[in-house]
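J.:
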Amino acid sequence: MNDRALSVVIATRNRPDFLRDAVRAVSAQEGVGRIEIIVVHDQSEVDPSVAEVAPEADVRVVPNVHAVGLAGARNTGIELAEGEFVAFCDDDDVWMPGKARAQVGELRRRPESDLVATGIVVEYDGESHPRYLPTDTILLSDLVRDRHTELHPSTFLFRTSALRDLGMVSTAVPGGFGEDYELLLRTARRAPIANIPRPFVSIRWHQSSFFFERWSTMASGLEYLLDQYEEFQDDPKGLARIQGQIAFARASEGRRRDAVALSFATLRSSMTELRAPLALLVVARVAKPEWIMVQLHRFGRGI
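Just so you know, we're using my numbering here: the sequence shown kicks off at 1090 and counts up by one.
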């Protein structure tokens, strides 16, 4: 590793126009020197021309050489990163001015932390929803209680050495669903996560998301997290949140009996967990899961 401050990994798959927006926004960051941008093509043809949109940065365009999927693609970039810090940006998201400077400065002031995140602005159906956590520190207990969608992977900036020591992004999560949440949990087990309580990334939600409607994958990924992190068993509300998500996913894929059992298990953990009644609405065919997801997205929320 040289004296470069920041490397940014952008994993991409067949979204060339969005990708160019992401690369431009990262390359326009100021105050951290010349940025290294590593574009990793996953399950798609490598397009070297993307480097042309960011002459002020050092852009490397490479294929994914690890497991197929987002986790493997990010790990390809992490291994190549030369910066003291390494950050992620999804290929359909856009960094706002000042993000890199603020985060690099924060981690340099916070030697006890390996990761710093920021808030986001969710863009969906022509509306913008700012989301950020009003705190400068996130603990493991906070993440067990709530996923905090404000902590989006496009806001993650790590110490490169620490991320490698952590084992990088897990490829063991079934279907890759929740791999970013798993990384947050694993990181917070080691040290508190730093947070900047203001939005620095524009997150574009749309139905071309590769996880939209992949209910079975969603359920399997969440079940994996419950198996791997016993901390959920000590927090009834955190456990209910995950159980409710699994119940909704099972209802959405048509496993009605499983969904009913999971919904009641959810309510036994916490009577205030609203995902259980949403799952039961799907079981009763009162509402379609796609309709519920669209309504949640309109408020910048997910299931």
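Quick reminder that beta carbons are idealized off the backbone N, C-alpha and C, glycines included.
Taking buried to mean at least 16 other C-beta atoms within 10 Å of its own C-beta, is V1139 buried or exposed?
T.: Numbered from its first residue, the sequence shown carries residue 1139 at position 50. When all chains shown are included, V1139 counts as buried.
J.: Tell me where the beta strand (DSSP E) around F1177 begins and ends.
T.: For the purposes of this step, residue 1177 is taken as residue 88 along the sequence shown, with counting starting at 1. Counting along the chain, the beta strand (DSSP E) containing F1177 begins and ends at F1174 to F1177.
J.: Under three-state DSSP, which class holds G1310?
T.: Sequence index remark: in the sequence shown, residue 1310 carries index 221 (1-based). The answer is helix: DSSP assigns G1310 an H, G or I state.
J.: Using only the alpha-carbon positions, how far apart do R1390 and G1310 sit?
T.: To locate residue 1390, count along the sequence shown from 1; it is residue 301. To locate residue 1310, count along the sequence shown from 1; it is residue 221. A straight line joining the alpha-carbon of R1390 with that of G1310 spans about 19 Å.
J.: So is R1374 buried or exposed if we call it buried at 16+ other beta carbons inside 10 Å?
T.: Taking the first residue of the sequence shown as 1, we reach residue 1374 at position 285. Exposed, because fewer than 16 other Cβ atoms sit within 10 Å of the Cβ of R1374.
J.: Throw me the rounded Cβ distance for the M1257 and I1167 pair, which I believe falls under 8 Å.
T.: Within the sequence shown, the letter at position 168 stands for residue 1257. Within the sequence shown, the letter at position 78 stands for residue 1167. Right, their Cβ atoms sit about 5 Å apart.
J.: Could you tell me the boundaries of the alpha helix (DSSP H) in which D1147 lies?
T.: Working through the sequence shown from its first residue, we reach residue 1147 at position 58. Taken as a continuous stretch (DSSP letters only), D1147 belongs to no alpha helix (DSSP H), being part of the beta strand (DSSP E) at D1147 to P1152.
J.: If you drop the 5 nearest sequence neighbours on each side, which residues of the same chain put their C-beta closer than 7 Å to that of A1365?
T.: For this step, residue 1365 is matched to residue 276 along the sequence shown. A distance below 7 Å between beta-carbons, with the five flanking residues on each side excluded, links A1365 to the following residues of its chain, in chain order: G1333, A1336, S1352, T1355 and L1356.
J.: I'd like to check one pair, S1133 with R1102: are the Cβ atoms closer than 8 Å?
T.: As a position in the sequence shown, residue 1102 is number 13, starting the count at 1. As a position in the sequence shown, residue 1133 is number 44, starting the count at 1. Taking 8 Å as the Cβ cut-off, R1102 and S1133 qualify as a contacting pair.
J.: With a CB to CB cut of under 6 Å and the five nearest residues on each side skipped, what residues in its chain are close to T1226?
T.: Numbered from its first residue, the sequence shown carries residue 1226 at position 137. Taken in chain order, the residues that qualify are P1281.
J.: Using the C-alpha atoms, what's the distance from A1160 back to S1259?
T.: On the sequence shown, residue 1259 is found 170 positions in, with the first residue counted as 1. On the sequence shown, residue 1160 is found 71 positions in, with the first residue counted as 1. Approximately 6 Å, taken between the alpha carbons.
J.: Give me the Cα-Cα distance between L1228 and I1099, rounded to the nearest whole angstrom.
T.: As a position in the sequence shown, residue 1228 is number 139, starting the count at 1. As a position in the sequence shown, residue 1099 is number 10, starting the count at 1. Their backbone Cα atoms lie some 27 Å apart in a straight line.
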